[in-house]
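Numbering (our numbering), first residue to last: 134 to 296. We treat Cβ as the ideally placed atom computed from N, Cα and C, and that holds for glycine.
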Amino acid sequence: MGVREQQKATNRQSIAQAALETFIEIGYEACTIRDIVRYSGLSPGTFYNYFESKEDVLDFILQDLAIRVRQTVRRERARATSGRDFIYQGFFAFLEEVGREPAILRMLSRNQTFLGIWYLEMPARSRLRQILWSPSGELIPPSRRIPGQPPRFRGFSKTWEKT
Numbered sequence: 134m135g136v137r138e139q140q141k142a143t144n145r146q147s148i149a150q151a152a153l154e155t156f157i158e159i160g161y162e163a164c165t166i167r168d169i170v171r172y173s174g175l176s177p178g179t180f181y182n183y184f185e186s187k188e189d190v191l192d193f194i195l196q197d198l199a200i201r202v203r204q205t206v207r208r209e210r211a212r213a214t215s216g217r218d219f220i221y222q223g224f225f226a227f228l229e230e231v232g233r234e235p236a237i238l239r240m241l242s243r244n245q246t247f248l249g250i251w252y253l254e255m256p257a258r259s260r261l262r263q264i265l266w267s268p269s270g271e272l273i274p275p276s277r278r279i280p281g282q283p284p285r286f287r288g289f290s291k292t293w294e295k296t
C-alpha cells in the first residue's frame, strides 16, 4: 500500500472512530456531521471525501464489525468436531470478537432503539434509493420511475418534468 492509500485508510478510520465516539457520547440521532468532524480533528471537506452522511459512517462501522465477526466465526466453526462444537464455538467466537470492541458495545447499547429501527428499515431504504436515484446520482423524474404508472400520478409527473 502506497503512502497516499495509507493516508486515505488512516483518514477513513479516524472519521469512523470519531463517529463512534460521537454516537456514544451524544447519541446517533442527536449527533451531526459537524460533531463527528470536531471529534476527528479533520476538515469538513475531508469528511465528505470518505462519507456522504452519518448513515454512511454507521454503515462502515457496522460492516467492518460484521466482516470481522463473520471471519472469526467461520474460522472457529471450521475447527468444530461435532454439531455441538459447531454451535458453541461459533457462538463464543461471536461474543469474543464483539467483546474486543468495547466502544462498539457502548454505541450499540446507547442507541438500541434507533439501531433496531435502522436495521429493519435497511431493505426499504435500499429499494427506495434504487427507485429514486439513477446510477449516476441524478434524481429520476416520477414518470420514468415506475412503468405502467397509475393515472393519478401522471399529472404530478408532468408538473415534475416542467420544474
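Please work out which residues of its chain come closer than 8 Å, Cβ to Cβ, to residue i, disregarding the five sequence neighbours upstream and downstream, and give them in chain order.
i      : result
ASN244 : PHE156, GLY160, TYR161, GLU162
THR205 : ALA226, PHE227, GLU229, GLU230
LYS187 : ALA152, TYR161, CYS164, THR165, ILE166, ILE169
ALA142 : MET134
Can you give me the Cβ contacts of residue i inside the same chain, cut-off strictly under 7 Å, excluding the 5 residues immediately before and after it?
i      : result
ARG145 : TYR183
SER242 : none
ARG212 : GLN222
TYR172 : ALA151, GLU154, THR155
Alpha helix (DSSP H) containing residue i: first to last residue?
i      : result
ASN182 : 177-183
ALA152 : 136-158
ARG233 : Per DSSP, ARG233 belongs to no alpha helix (DSSP H) and is neither H nor E.
Counting beta carbon pairs with one atom in the stretch 143-153 and one in the stretch 164-179, are three or more of them shorter than 8 Å? Contact between the stretch 164-179 and the stretch 143-153 is present, because at least three Cβ pairs lie under 8 Å.
Pick out the complete alpha helix (DSSP H) segments inside the stretch 165-221, 4 residues or longer, and give them in chain order. The stretch 165-221 contains these whole alpha helix (DSSP H) runs: 166-173, 177-183, 187-211.
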